[in-house]
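*Asks:* Residues 1 to 332 (our numbering) make up the sequence shown, in order.
In this text, a Cβ means the ideal position worked out from N, Cα and C, and glycines have one as well.
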Amino acid sequence: MKRIIQTTLLCLLVTVSISSCKKTTQGLRPVVTGKSGEIVVIINDALYEGSVGDTLKSVLNDTQIGLPQDETLFDILQISHNEFSSMFKTHRSILDLRVSSKVKENKISVKNELYAKTQSFMKIEAKSNKEMIQLLSENKNKIIAYFHIGERERKIKVFKKNVVQEIFEKLKEKNNFTLSFPAGYTINKEEPDFLWVSKETPSTSQGMFIYTYDYISEDSFTKDEVIKKRNLLLQKFVPGPKEGSYMSTEMDFPISNRQFEFFGNYATETRGLWKVNGDFMGGPFVNITFLDQKNNRVVCMDSYVYYPNHDKRELLRELEAIMYSYTSIEKE
Numbered sequence: 001m002k003r004i005i006q007t008t009l010l011c012l013l014v015t016v017s018i019s020s021c022k023k024t025t026q027g028l029r030p031v032v033t034g035k036s037g038e039i040v041v042i043i044n045d046a047l048y049e050g051s052v053g054d055t056l057k058s059v060l061n062d063t064q065i066g067l068p069q070d071e072t073l074f075d076i077l078q079i080s081h082n083e084f085s086s087m088f089k090t091h092r093s094i095l096d097l098r099v100s101s102k103v104k105e106n107k108i109s110v111k112n113e114l115y116a117k118t119q120s121f122m123k124i125e126a127k128s129n130k131e132m133i134q135l136l137s138e139n140k141n142k143i144i145a146y147f148h149i150g151e152r153e154r155k156i157k158v159f160k161k162n163v164v165q166e167i168f169e170k171l172k173e174k175n176n177f178t179l180s181f182p183a184g185y186t187i188n189k190e191e192p193d194f195l196w197v198s199k200e201t202p203s204t205s206q207g208m209f210i211y212t213y214d215y216i217s218e219d220s221f222t223k224d225e226v227i228k229k230r231n232l233l234l235q236k237f238v239p240g241p242k243e244g245s246y247m248s249t250e251m252d253f254p255i256s257n258r259q260f261e262f263f264g265n266y267a268t269e270t271r272g273l274w275k276v277n278g279d280f281m282g283g284p285f286v287n288i289t290f291l292d293q294k295n296n297r298v299v300c301m302d303s304y305v306y307y308p309n310h311d312k313r314e315l316l317r318e319l320e321a322i323m324y325s326y327t328s329i330e331k332e
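(1) Who are the near neighbours of N106 in its chain, counting only those whose CB is closer than 7 Å to its CB and skipping five residues on each side?
(2) Can you name, in chain order, every residue of its own chain whose Cβ lies under 6 Å from the Cβ of G207, other than the five neighbours on each side?
(3) What separation, rounded to the nearest whole angstrom, lies between the Cα atoms of I108 and D214?
(4) With a CB to CB cut of under 6 Å and the five nearest residues on each side skipped, what residues in its chain are close to N296?
(5) Between the Cα of G184 and the Cα atoms of I167, F260, K294, which residue gives the shortest distance?
(6) Can you find the residues in the same chain that come closer than 6 Å, C-beta to C-beta, to I227, ignoring five residues on each side of it along the sequence?
(7) So, is R258 buried or exposed, given that buried needs 16 or more other C-beta atoms within 10 angstroms?
(8) Could you give the DSSP three-state label for L407: helix, strand or coil?
(9) Measure the CB-CB distance between N112 and F121 and report whether it falls below 8 Å.
(10) Considering G282, what are the terminal residues of the beta strand (DSSP E) in which it resides?
(11) Since I322 contacts L179 with CB under 8 Å, what's their CB separation in whole angstroms?
(12) Would you tell me roughly how many angstroms separate the C-alpha atoms of N188 and F237, rounded to the nearest one?
(13) Out of F181, S217, L195, which one is the CA nearest neighbour of I210?
(14) When the Cα of K35 is compared with those of L315, F262, Y326, which residue comes out closest?
(15) Report the partner residues of S303 according to the DSSP bridge assignment.
(16) Where E190 and E169 are concerned, what is the direct C-alpha to C-alpha distance, given to the nearest angstrom?
(17) Terminal residues of the continuous alpha helix (DSSP H) containing R154?
(18) Per DSSP, what kind of secondary structure is C21 in: helix, strand or coil?
(19) Between the segment 36-46 and the segment 80-99, do at least 3 Cβ pairs fall closer than 8 Å?
(20) Can you tell me which of the three DSSP states H81 falls into?
(21) Assuming L324 and F177 form a contact by the criterion Cβ under 8 Å, report the distance between their Cβ atoms to the nearest whole angstrom.
(22) Apply the 10 Å Cβ neighbour rule to K22 and answer buried if 16 or more other Cβ atoms are within range, or exposed otherwise.
(23) Label R313 either buried or exposed according to how many other C-beta atoms from any shown protein chain fall within 10 Å of its C-beta, with 16 as the threshold for buried.
(24) May I ask which residues mark the beginning and end of the beta strand (DSSP E) holding S256?
(25) Can you find the residues in the same chain that come closer than 8 Å, C-beta to C-beta, to D193, ignoring five residues on each side of it along the sequence?
(26) For P239, I'd like the list of residues in its chain whose CB is within less than 7 Å of its CB, leaving aside the five on either flank, ordered along the chain.
(27) Using C-beta distances below 7 Å, list every residue in its chain close to D45, excluding the 5 sequence neighbours before and after it, in chain order.
(28) With N287 and R230 assumed to form a contact (beta carbons below 8 Å), what rounded beta-carbon distance in angstroms separates them?
(29) Look up L67 in the DSSP assignment and say whether it is helix, strand or coil.
(30) Please classify S203 as buried or exposed, where buried requires at least 16 other C-beta atoms within 10 Å of its C-beta.
(31) In terms of DSSP beta bridges, what is E125 paired with?
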């Protein structure tokens with residue numbers, strides 16, 4: 001009898017152990033691989049080299065606005081369906097294109113974290129080349145937005161694990177909101193309504209100016225007013241390397257300006273190039289200006305990159321992710 005009880009208990013322990021293992025491993029995903037801004041595109045070679053591929057490239061390889069040198073929105077890593085092995089399944093961004101007469105419905109579907117944590121996976125199916133081209137053309141903005149937001153959210157998750165507490169608490173105390181600056185960023189200058197944060201290396205400089213001012217009228221969000229206020233504050237607070245030099249906006253380069261909603265607030269996004277008056281430094285900037293209606297103020301987050309003679313897309317994308325880590329703090 002004693003042996004039967006011991007055997008029963010042993011079986012129960014083994015069953016519980018196996019069940020526990022299943023619970024702890026079920027649903028687990030590996031960490032994503034691949035470079036930021038890179039998309040694995042699964043498409044047959046013949047399609048990729050033809051009109052479907054040309055349309056796809058016009059979507060993903062479109063030029064990122066606001067950079068001094070031409071850089072594409074994304075980098076394409078093309079493979080065929082036969083080559084889609086475990087080596088590629090954990091990639092951060094995957095786009096699967098299928099053209100077949102067996103396709104029942106032309107459609108675009110997405111599946112986050114299909115093979116890996118934080119992964120962006122999109123599948124586009126069409127019955128013919130012509131219909132695939134139409135799908136790509138009509139949904140260009142949606143395709144770009146899906147992978148762009150995926151990159152941004154991926155970065156934000158990483159940043160929030162290792163924020164610079166000094167900057168986090170400073171913004172919370174002074175401005176009633178927080179931003180998740182990752183390790184490496186420090187405070188350069190602090191004024192009553194102006195904060196300059198940057199990350200410096202021997203070859204690069206990434207920074208953000210965070211400033212606020214009273215909301216007076218809707219004119220505060222026009223391109224001219226955003227640039228006017230920007231130039232005024234940069235001349236006052238951001239000196240260049242030479243005596244009398246200061247940061248400003250390059251007015252001989254196209255400046256884009258669009259309206260959008262930023263966490264429920266009316267906002268504009270302005271992109272262009274910055275320069276240093278009295279010196280030869282320069283690079284891209286992106287400015288998000290939004291209305292903080294509760295506090296009757298305008299809030300500006302103005303990011304810049306300096307990395308001469310090199311690609312700057314991903315450095316600027318990092319700063320954009322920091323801006324979108326914005327979290328409003330309610331006053332107690």
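*Replies:* Short version:
(1) Within the same chain, N106 has close Cβ partners E125, A126, K127, E131, L135.
(2) Leaving aside the five residues that flank G207 on each side, the residues in its chain whose CB is nearer than 6 Å to its CB run, in chain order, S198, Y304.
(3) Rounded to whole angstroms, I108 to D214 spans 44 Å at the Cα level.
(4) Taking N296 as the centre and dropping the five residues before and after it, the same chain places the C-beta of Y215 closer than 6 Å to its C-beta, in chain order.
(5) In terms of Cα proximity to G184, the closest of I167, F260, K294 is I167.
(6) T249.
(7) When all chains shown are included, R258 counts as exposed.
(8) Within the shown structure, residues of the chain are numbered from 1 to 332, placing residue 407 beyond reach of any answer.
(9) Using a Cβ distance threshold of 8 Å, N112 and F121 count as a contacting pair.
(10) Segment 282-292, the beta strand (DSSP E) holding G282.
(11) Contact flag correct, Cβ pair sits at about 6 Å.
(12) A direct Cα-Cα distance of roughly 10 Å separates N188 from F237.
(13) Among F181, S217, L195, the Cα nearest to that of I210 belongs to L195.
(14) The closest CA to that of K35, considering only L315, F262, Y326, is found on L315.
(15) Note: S303 sits in a beta bridge opposite M208, V286.
(16) Going by C-alpha positions, E190 is about 13 Å away from E169.
(17) DSSP places R154 in the uninterrupted alpha helix (DSSP H) bounded by 140-160.
(18) Note that C21 scores a pLDDT of 37, beneath 50, so its modelled location is shaky and nothing firm can be said.
(19) The segment 36-46 vs the segment 80-99: in contact.
(20) The answer is helix: DSSP assigns H81 an H, G or I state.
(21) For clarity, residue 324 is Tyr in the given sequence; the question names Leu instead. No, Y324 and F177 are not in contact; Cβ-Cβ is about 12 Å, not under 8 Å.
(22) Note that K22 has pLDDT 37, beneath the 50 cutoff, so the model's placement of it is unreliable and the number below is only indicative. For K22, the number of other beta carbons within 10 angstroms of its own is below 16, and it is reported as exposed.
(23) It is buried - the Cβ of R313 has at least 16 other Cβ atoms within 10 Å.
(24) For S256, the enclosing beta strand (DSSP E) stretches over residues 256-262.
(25) So the list reads Y211, T212, Y213, once near-sequence residues are dropped.
(26) The residues are S245, Y246.
(27) Hits under 7 Å: S80.
(28) The Cβ separation is near 6 Å, so the contact holds.
(29) Note: L67 maps to coil in three-state DSSP.
(30) That one is exposed.
(31) According to DSSP, residue pairing for E125 in a beta bridge involves R98, K107.
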